[in-house]
Amino acid sequence: MSTVASIPLQARTTERPARAANGYLALLGMLALWALAAFMAAGAHHLIGAVLSMVLSGLVGAGLYMQQPNEGRVMTLFGRYIGTDREAGLRWANPFAGKQRISLRSRNLISPTLKVNDKRGNPIEISAAVVWRVSDTAQALFDVDSYETYVQIQAEAALRHTANLYAYDDGEDLQPGETTLRAGQDEVAAAMKAELQERFAAAGVEVLDAKLTHLAYAPEIAQVMLRRQQAEAIISARQRIVHGAVSMVESALKGLSEREIVVLDDERKAAMVSNLLVVLCSDKDTQPIVNTGTLYN
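Residue numbers for the sequence shown follow the UniProt record's numbering, beginning at 1 and rising by one.
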């Protein structure tokens with residue numbers, strides 16, 4: 001189910017090409033009108049024609065504009081959208097039309113560090129970097145009040161919602177292989193990008209990339225969670241040590257039995273196993289005791 005209420009189709013304004021022409025041809029036409037006006041002004045009987053030529057040249061000049069690469073001009077005529085010109089260079093369009101410049105370049109949005117709750121309800125700090133650009137100029141200008149503010153607010157909302165869907169780290173309460181914020185950042189970034197695109201679609205904005213830039217437990221539980229991680233690490237290490245020690249003891253007993261170096265009864269085997277496990281599993285150096293008597297004294 002969609003998490004974002006979509007704008008009705010009939011309320012959306014879709015971008016379409018504007019009727020614009022090469023500005024250099026219009027510039028030549030303006031210069032020709034100036035020359036014609038100067039020629040007519042030289043004769044006393046052509047003053048009206050000279051004035052008309054100057055007025056026409058002024059109208060031609062009013063329609064000229066210079067456009068940089070990856071820019072657009074959104075044109076309106078008497079309050080009605082008439083199209084967008086994306087061509088770079090010197091351009092000319094209806095001199096009576098309003099021409100609003102809009103950037104089509106990629107932009108970076110760094111969200112502030114937010115304090116949110118993860119899937120378990122633990123408070124965490126999270127922030128993200130979003131790369132976006134305007135894909136539909138008409139939607140960006142006419143379907144939302146301020147598309148830049150819209151992008152910033154919706155990015156924060158999407159980041160909060162994404163953080164609520166995942167746990168910060170692995171735990172016994174999660175399903176095996178379940179994605180977490182810390183271990184599955186690629187999957188989390190893909191999910192966040194998809195939600196951002198859904199939210200930004202109403203403003204004619206395309207999401208190019210989205211990545212987490214900061215992820216940590218909130219300060220009030222950071223120390224507790226650090227001790228928990230340390231305990232889990234110690235338990236994991238102890239399990240490996242015990243598993244290795246059992247394998248070594250088993251190998252030692254098997255070697256003694258196969259080579260018939262010494263024959264031990266069950267009680268002595270148990271004592272030997274106990275001593276070997278103490279030596280191998282202890283986190284401190286053990287002190288050996290040399291037996292100078294017989295095997296049983």
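Where is the CB? At the ideal position from N, CA and C, for every residue including glycine.
Owing to the predicted nature of the structure, the values given are computational and were not obtained by experimental measurement.
Beta carbon of residue i, beta carbon of residue j: below 8 Å?
| i | j | result |
| --- | --- | --- |
| A218 | I124 | yes |
| L47 | A41 | yes |
| A129 | K211 | yes |
| Y168 | N122 | yes |
| G104 | N70 | Per the sequence shown, residue 104 should be read as Leu rather than Gly. Yes, Cβ-Cβ distance for L104 and N70 is below 8 Å. |
| I126 | H214 | yes |
| A191 | A93 | no |
Work out the CA separation of residue j and residue i for me, nearest whole Å.
| i | j | result |
| --- | --- | --- |
| L181 | V188 | 7 Å |
| Y150 | G98 | 24 Å |
| E206 | E195 | 12 Å |
| A252 | R240 | 18 Å |
| R16 | Y65 | 19 Å |
| A62 | K119 | 59 Å |
| S146 | D85 | 21 Å |
| S6 | L159 | Residue placement at S6 cannot be trusted, given a pLDDT of 49 that sits under 50; what the coordinates show is reported in the next sentence. Answer to the nearest angstrom: the Cα atoms are 19 Å apart. |
| residue 298 | P176 | No answer is possible for residue 298: the residues shown for the chain start at 1 and end at 297. |
| G83 | V74 | 6 Å |
| R91 | L59 | 14 Å |
| L141 | D170 | 44 Å |
| E148 | Y81 | 20 Å |
Determine the extent of the beta strand (DSSP E) in which residue i is found, giving its start and end residues.
| i | result |
| --- | --- |
| Y81 | R80 to D85 |
| R16 | Where R16 is concerned, there is no enclosing beta strand (DSSP E), given that its DSSP letter is neither H nor E. |
| A216 | V205 to Y217 |
| V74 | E71 to L77 |
Along the alpha helix (DSSP H) that carries residue i, what are the first and last residues, could you check?
| i | result |
| --- | --- |
| R199 | Q185 to F200 |
| G49 | L47 to A62 |
| G29 | G23 to A42 |
| V151 | Y147 to L165 |
| L181 | Note, L181: premise wrong, no alpha helix (DSSP H); not H, not E. |
| Q175 | Here Q175 belongs to no alpha helix (DSSP H), and DSSP marks it neither H nor E. |
Using a Cβ-Cβ cutoff of less than 8 Å, which residues in the same chain neighbour residue i once the five nearest sequence positions on both sides are dropped?
| i | result |
| --- | --- |
| S2 | No answer about S2 holds up, because its pLDDT of 46 lies below 50 and its placement is not dependable. |
Please go through the same chain and pick out, in chain order, the residues whose beta-carbon is closer than 7 Å to the beta-carbon of residue i, but skip the five residues on each side of it.
| i | result |
| --- | --- |
| Q68 | A88 |
| V144 | Y150, A202 and A203 |
| S185 | Residue identity differs from the one stated: residue 185 is Gln in this sequence, not Ser. Cβ neighbours of Q185 beyond the five flanking positions: L212. |
Output needed for residue i: all residues of its chain with C-beta closer than 6 Å, excluding positions within five of it in sequence on either side, in chain order.
| i | result |
| --- | --- |
| L9 | Residue confidence for L9 is low, a pLDDT of 44 falling below 50, so the modelled location carries little weight; the figure read from the coordinates is stated next. Excluding residues within five positions, none has a Cβ falling inside 6 Å. |
| S57 | M30, L33 and W34 |
| A37 | A50, S53 and M54 |
| S209 | Per the sequence shown, the amino acid found at residue 209 is Asp instead of Ser. Counting only Cβ-Cβ distances below 6 Å, and skipping sequence neighbours, we find V131. |
inquiry  = Going residue by residue through the segment 80-131, where are the continuous beta strand (DSSP E) segments of at least 3 residues, counting only ones entirely within it?
reply    = 80-85, 89-93, 98-103, 107-110 and 114-117
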